[in-house]
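*Asks:* Position in the sequence shown (from 1) plus 6 gives the number in this note's numbering. Where a beta carbon is used, it is the ideal one built from N, C-alpha and C, also for glycine. Remember, it's a predicted structure, so these values are computed and weren't measured experimentally.
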Amino acid sequence: MLKFNLSLIIVLLLSVSSVFSNNSNIFNDHKLRTYTPLEGQIQDLFFDIREPNLEKYVRSNTALEPDDVYYRVYWVYPSNIRIRVEGLPDKGFDLLKQTLISKIKPYVELVLAKNLTTPLEQSAFKKDPKNNSRYIRVKDKAELLDLSIELYSSGQIKEIESSSPQLHTKTSFSYAKKSWAKGRSVISQISISEGRGASSVIKEIEIDYDKFGTFGLPSNIKAVSYVVTGDKKVELGKLDLKIQNYQINTGQAKKIIGL
Numbered sequence: 007m008l009k010f011n012l013s014l015i016i017v018l019l020l021s022v023s024s025v026f027s028n029n030s031n032i033f034n035d036h037k038l039r040t041y042t043p044l045e046g047q048i049q050d051l052f053f054d055i056r057e058p059n060l061e062k063y064v065r066s067n068t069a070l071e072p073d074d075v076y077y078r079v080y081w082v083y084p085s086n087i088r089i090r091v092e093g094l095p096d097k098g099f100d101l102l103k104q105t106l107i108s109k110i111k112p113y114v115e116l117v118l119a120k121n122l123t124t125p126l127e128q129s130a131f132k133k134d135p136k137n138n139s140r141y142i143r144v145k146d147k148a149e150l151l152d153l154s155i156e157l158y159s160s161g162q163i164k165e166i167e168s169s170s171p172q173l174h175t176k177t178s179f180s181y182a183k184k185s186w187a188k189g190r191s192v193i194s195q196i197s198i199s200e201g202r203g204a205s206s207v208i209k210e211i212e213i214d215y216d217k218f219g220t221f222g223l224p225s226n227i228k229a230v231s232y233v234v235t236g237d238k239k240v241e242l243g244k245l246d247l248k249i250q251n252y253q254i255n256t257g258q259a260k261k262i263i264g265l
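Below is the structure:
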């Protein structure tokens, strides 16, 4: 069975670099129309993530009987992150803590997402002659990875598609306008398809937002994943995360991280 990794989005984008000229003008409309408060407005942040039945999971895998287990995330601009599992003993259970943190980290990265275009701007793109809304990354002859992006008529990123001899990945984005975003939009849905051979794994993610102080930030992330082989579709699992207790620009995260 294929193993799906949500961090593939970040890994894929960060691996897209080249010596070609900057094509940032392609992404100007996306940056103007997309709400990204972590691009400098928020400097210091911490928040809690709660997952249903997390206590039950801990009880079934240890001799512990915890009443309240949750994740606490500290973040300092531009990219300093610390994730802690609260509700477990301070000492010991390191493997359990690392397992839980590894599971939640890709979703933490969604909460802390900045502009999608930043890593893409490191590469040069040319317009697809068959599709005016699609751009193909310019690559040298030795590269195996093909990558393209498709834009909505608004200029926002609709789809990022990549393919190599072993793997084909397509990531699609949907947006929603929010009153507190000053006319801009937030990413509300992400659909990721990762295929090898006759099988593929699909993950569908929905992100809800609330206003915290003067900023709009994710309050709920729901994800469901499937494995598809031919006409057969089997659900792999669901996740429902509540994000709360945002503390913004208080300096507490900087103190905990030690910066």
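Under 8 Å, do residue 51 and residue 75 count as touching if we go by C-beta distance?
*Replies:* Their beta carbons are not under 8 Å apart, which means residue 51 does not touch residue 75 by this criterion.
*Asks:* CB-CB under 7 Å to residue 190, same chain, minus the five flanking residues each way: which ones, in chain order?
*Replies:* Once the five neighbours on either side are set aside, the close Cβ partners of residue 190 are 39, 40, 41.
*Asks:* Can you name the residues that DSSP bridges to residue 73?
*Replies:* Looking at the DSSP assignment, residue 73 forms no beta bridge with any residue, so it has no partner.
*Asks:* Should residue 27 go down as buried or exposed, given a rule of 16 or more other Cβ atoms within 10 Å for buried?
*Replies:* Summary for residue 27: the model assigns pLDDT 40, below 50, so the residue's position carries little reliability, and this model does not support an answer.
*Asks:* Between 133, 148, 120, which has its C-alpha nearest residue 84's C-alpha?
*Replies:* Minimum Cα distance to residue 84 is reached at 120.
*Asks:* In terms of alpha-carbon separation, which member of 249, 140, 67, 258 lies closest to residue 32?
*Replies:* Among 249, 140, 67, 258, the Cα nearest to that of residue 32 belongs to 140.
*Asks:* Which ranges would you report for the beta strand (DSSP E) in the region 35 to 74 if only whole runs of at least 3 residues count?
*Replies:* Entirely contained in the region 35 to 74, the beta strand (DSSP E) runs reaching 3 residues are, in chain order, 50 to 56.
*Asks:* Rounded to whole angstroms, what is the Cα-Cα separation between residue 157 and residue 126?
*Replies:* Going by the C-alpha atoms only, they are around 13 Å apart.
*Asks:* Take the Cβ of residue 164 as the centre, count every other Cβ of all protein chains shown within 10 Å, and call the residue buried at 16 or more, exposed below.
*Replies:* With 16 or more other Cβ atoms within 10 Å, it is buried.
*Asks:* Pull up the DSSP beta-bridge partners for residue 231, would you.
*Replies:* The partner list for residue 231 (beta bridge, DSSP) reads 209, 243.
*Asks:* Taking the alpha carbon of residue 202 as the point to measure from, which residue in 219, 209, 233, 174 has its own alpha carbon closest?
*Replies:* Comparing Cα-Cα distances from residue 202 to each of 219, 209, 233, 174, the minimum goes to 174.
*Asks:* So, for residue 265: in the same chain, excluding its five sequence neighbours on each side, which residues have a beta-carbon less than 6 Å away from its beta-carbon?
*Replies:* Excluding positions up to five away in sequence, the list reads 82.
*Asks:* Identify whether residue 224 lies in helix, strand or coil by the three-state DSSP scheme.
*Replies:* In this structure, residue 224 counts as strand in the three-state DSSP scheme.
*Asks:* Within the region 94 to 153, note down every full alpha helix (DSSP H) run reaching 4 residues or more, in order along the chain.
*Replies:* Runs found: 100 to 117, 123 to 126.
*Asks:* Can you look up residue 255 in the DSSP assignment and give me helix, strand or coil?
*Replies:* If DSSP states are grouped into helix, strand and coil, residue 255 belongs with coil.
*Asks:* By the 10 Å Cβ neighbour count, where 16 or more other Cβ atoms means buried, how is residue 104 classified, buried or exposed?
*Replies:* Residue 104 should be labelled exposed.
*Asks:* For residue 213 versus residue 227, is the C-beta distance shorter than 8 Å?
*Replies:* Their beta carbons are under 8 Å apart, which means residue 213 touches residue 227 by this criterion.
*Asks:* If you check the beta carbons only, do residue 198 and residue 179 fall under 8 Å apart?
*Replies:* No; because the gap between Cβ atoms is not below 8 Å, this pair is not in contact.
*Asks:* Just to confirm, are residue 254 and residue 219 a CB contact at a threshold of 8 Å?
*Replies:* In contact: residue 254 and residue 219 (Cβ atoms closer than 8 Å).
*Asks:* Where DSSP assigns a beta bridge to residue 81, which residues make up the other side?
*Replies:* According to DSSP, residue 81 bridges with 51, 87.
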